[in-house]
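Below: the structure, in structure tokens.
Residue numbers (this note's numbering), protein chains in the order written: chain A, 33 to 348; chain B, 469 to 917.
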């Protein structure tokens with residue numbers, strides 16, 4: 033199964049396992065909603081609304097999905113409930129498809145003459161450093177040389193945390209210690225990456241609540257300073273979102289996009305009971321593709337996001 | 469901090485305006501708006517529904533009387549119901565036991581370690597003698613993080629770097645605390661998912677071993693619909709005493725605050741705002757519902773100010789003002805005091821009406837930075853004698869502080885206004901609070917971005 037065969041069976045199982053809770057609850061709720069009914073009526077749509085909203089899809093996106101389904105119902109006249117899941121799946125996949133122009137095919141990166149620079153941003157506690165550790169591991173495994181930059185010089189012991197991940201992934205990292213200027217660390221890291229001909233650079237930044245103006249502006253500064261070394265850097269600004277975050281994630285995406293041109297999202301902590309439905313809302317409003325999902329605490333617990341697999345796992 | 473929800477509720481109330489009485493039809497639209505506002509605020513789907521049904525019922529029931537305007541009536545009903553939902557009064561932390569043991573639990577990234585240090589700092593200020601225990605052996609550098617924070621707040625952190633058994637670390641830490649005469653032990657454990665059985669067993673074992681007086685469940689206030697499940701699962705396993713809401717300083721609408729108490733029937737004991745170690749507050753359900761409805765939280769504001777207020781310093785200052793000796797050193801001290809109170813915008817948001825007015829104004833934590841830089845660039849003589857500021861001094865100060873002359877001029881003007889105002893107020897009977905508030909209102913004004 034799966035559109036792309038890069039997902040090994042093992043990986044698929046892992047994703048299924050991580051999403052099992054999601055699948056069961058969404059599925060059981062929908063089943064409950066349609067039992068004993070022969071066509072889609074208001075009650076079913078109401079129940080659908082509940083399923084989607086309680087999955088953190090958000091009212092706006094939920095209404096959009098329901099509107100589309102209602103449209104299909106009126107267009108196709110009679111619509112049996114047996115078709116509902118299929119239609120729902122399609123509509124959700126469409127939502128993601130419309131926004132995800134870029135299709136990730138694995139932990140592969142564009143061929144370039146210079147290092148591919150990823151700057152990782154997000155609010156406090158979403159899992160930035162952990163995701164960086166996992167990414168470094170995957171890129172390394174894919175045969176790339178990786179260099180990490182410890183630009184979170186603010187949070188207590190953040191550098192130590194990155195150091196441990198760097199050791200686990202067996203990749204080098206650049207630090208100037210705690211309290212150093214984050215932009216200066218990024219500058220050093222890029223300089224060093226060029227001289228060492230590194231393939232991928234990942235820059236960690238301090239978690240910041242998106243409403244803190246100065247901290248947000250600092251991201252712009254880090255970016256500008258990096259461009260002094262590599263004019264196109266950062267090639268990827270990866271916003272990490274916590275799957276358990278509710279509608280505030282949309283605000284996070286909005287604010288971070290405004291200051292740093294976020295062009296990729298990683299959804300962390302998808303292994304819990306949280307549904308991760310927030311991705312739909314964000315995909316719907318911003319044209320930012322979801323690239324990775326975090327599904328556990330181990331170093332290999334990171335996968336490339338695939339919308340078909342994702343939706344399949346939700347509704348198959 | 470709850471502007472989002474308050475605004476939406478305001479708008480939905482506006483729909484009701486102009487109608488003379490509440491009918492099923494005009495209330496339906498309002499209820500829909502309220503429900504949507506609650507959902508957008510991440511209030512649990514079920515609770516939001518329950519809540520609006522309840523409000524609607526009450527509103528329609530009251531219709532017969534039609535004494536007040538419909539919108540006023542619904543505001544009152546919404547407010548009362550919200551307060552009821554969140555619990556009627558604040559509940560303090562239980563500090564009985566020798567030592568008091570407090571266990572901090574929650575998901576990964578919810579802010580347990582930061583909160584532990586804030587709580588230690590808070591209790592220390594209350595005259596307690598707390599110790600922290602680093603039991604998070606899983607997350608890389610978690611122990612190191614607690615140690616750094618412990619140093620920041622001046623609280624000892626008990627660690628066993630080589631020990632990989634949290635239960636034993638916790639157990640031994642208590643014995644150590646008793647031995648050293650600590651009266652509060654705060655145990656910081658690893659974040660875990662509610663569905664991770666192994667980890668949940670571990671936390672149960674820690675709880676059984678150390679028998680905490682307080683187990684606090686820490687939850688990120690940006691959490692979505694899952695907050696309810698997580699809060700419930702942790703409660704089923706741990707039967708915790710209270711909830712802590714962290715990261716309440718974003719544009720977080722804090723729907724979790726509305727829901728959790730209702731679902732698990734446990735009080736929210738603290739709210740944690742920002743990374744400043746002082747940014748912790750006791751949760752006041754009654755005030756919170758006023759806040760959600762955009763009615764401000766003046767009581768919290770005053771309390772916060774009082775807490776940071778040094779009575780002796782204030783008296784000294786007052787004397788100096790009376791004698792017309794108020795100088796730049798005093799000005800600097802005042803700024804420090806305001807800064808200690810926390811984020812200016814958060815504080816201002818507590819003043820009724822200010823939250824909305826400030827919504828699009830950016831007041832960041834560094835609003836005072838250039839003011840401080842300017843004063844720091846003055847000589848001691850200049851600071852004590854504000855009247856000597858001539859052109860060349862101003863130029864030098866501007867150069868030294870990395871600002872420009874107009875900015876220095878503005879500050880000096882502001883200073884003289886402030887000191888004049890203070891003199892007026894002092895002679896009028898020492899309204900210390902107003903002074904501080906006025907300073908706050910004036911200073912960041914020029915810092916608007």
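All residues carry an ideal CB built from backbone N, CA and C; glycine is no exception. None of the values given here were measured: they were computed from a predicted structure.
Residue 91 (chain A) reaches chain B at 504, 507 and 508, counting residues in chain order whose Cβ is nearer than 7 Å.
Contact residues of the stretch 690–712 of chain B toward chain A are 690, 691, 692, 693, 694, 695, 697, 698 and 701 (C-beta to C-beta distance below 8 Å).
Below the 8 Å Cβ cutoff, chain A contributes 157 as neighbours of residue 578 (chain B), in chain order. For residue 594 (chain B), there is no enclosing alpha helix (DSSP H), as DSSP marks it with neither H nor E. Looking at the backbone, the Cα of residue 748 (chain B) and that of residue 304 (chain A) are separated by about 28 Å.
Classified as buried, residue 752 (chain B) has 16 or more neighbouring CB atoms from the shown chains inside 10 Å of its CB. In the three-state reduction of the DSSP assignment, residue 307 (chain A) falls in the coil class, being assigned neither a helical nor a strand state. Setting aside the 5 residues that flank it on each side, residue 660 (chain B) is surrounded in the same chain by 667, each with a C-beta closer than 6 Å to its C-beta; the list follows chain order. DSSP places residue 738 (chain B) within a strand segment (E or B) once states are collapsed to three.
Fully enclosed beta strand (DSSP E) runs of no fewer than 3 residues occupy 148–153 of the stretch 130–182 of chain A, in order along the chain.
Of the candidates B:871, B:657, B:516 and B:854, B:871 places its Cα closest to the Cα of residue 836 (chain B). The criterion of a C-beta distance shorter than 8 Å is not satisfied by residue 251 (chain A) and residue 275 (chain A).
Bounds of any beta strand (DSSP E) do not take in residue 751 (chain B), whose DSSP letter is neither H nor E.
When only Cα atoms are considered, residue 162 (chain A) and residue 288 (chain A) end up about 20 Å apart. Listed along the chain, the chain B residues whose CB falls inside 7 Å of the CB of residue 106 (chain A) amount to none; the nearest CB is some 23 Å away. Beta bridge pairing from DSSP links residue 298 (chain A) with A:272 and A:324.
Judged by DSSP in its simplified three-state form, residue 559 (chain B) adopts coil rather than helix or strand. Setting aside the 5 residues that flank it on each side, residue 639 (chain B) is surrounded in the same chain by 677 and 678, each with a C-beta closer than 8 Å to its C-beta; the list follows chain order. Within chain A, not a single residue places a beta-carbon under 7 Å from that of residue 518 (chain B); the smallest gap is close to 13 Å.
When the alpha-carbon of residue 546 (chain B) is set against those of B:518, B:787, B:703 and B:859, the nearest one is in B:518. Look at residue 99 (chain A): its C-beta is not under 8 Å from any C-beta on chain B. At a Cβ-Cβ threshold of 8 Å, residue 208 (chain A) and residue 192 (chain A) do not count as neighbours. Sequence-ordered contacts of the stretch 76–88 of chain A with chain B read 82, 85, 86, 87 and 88 [C-beta pairs closer than 8 Å]. For residue 688 (chain B), the residues of chain A that pass the 8 Å Cβ criterion are 157, 274, 276 and 277, in the order they occur in the chain. With contacts defined by Cβ atoms closer than 8 Å, residue 729 (chain B) and residue 554 (chain B) form a contacting pair. Taking a Cβ-Cβ cut-off of 9 Å, residue 292 (chain A) has no neighbours in chain B, whose nearest Cβ is about 17 Å from it.
Residue-level contact check: residue 800 (chain B) does not touch chain A, since none of the beta carbons of chain A fall below 8 Å from its beta carbon.
At least one beta carbon of chain A lies nearer than 8 Å to the beta carbon of residue 663 (chain B). Here the C-alpha atom of residue 525 (chain B) lies approximately 19 Å from the C-alpha atom of residue 505 (chain B). Looking at the backbone, the Cα of residue 623 (chain B) and that of residue 590 (chain B) are separated by about 11 Å. At least one beta carbon of chain A lies nearer than 8 Å to the beta carbon of residue 513 (chain B).
The C-alpha of residue 160 (chain A) is placed about 11 Å away from the C-alpha of residue 326 (chain A). Between residue 225 (chain A) and residue 140 (chain A), the alpha-carbon positions lie close to 18 Å from each other.
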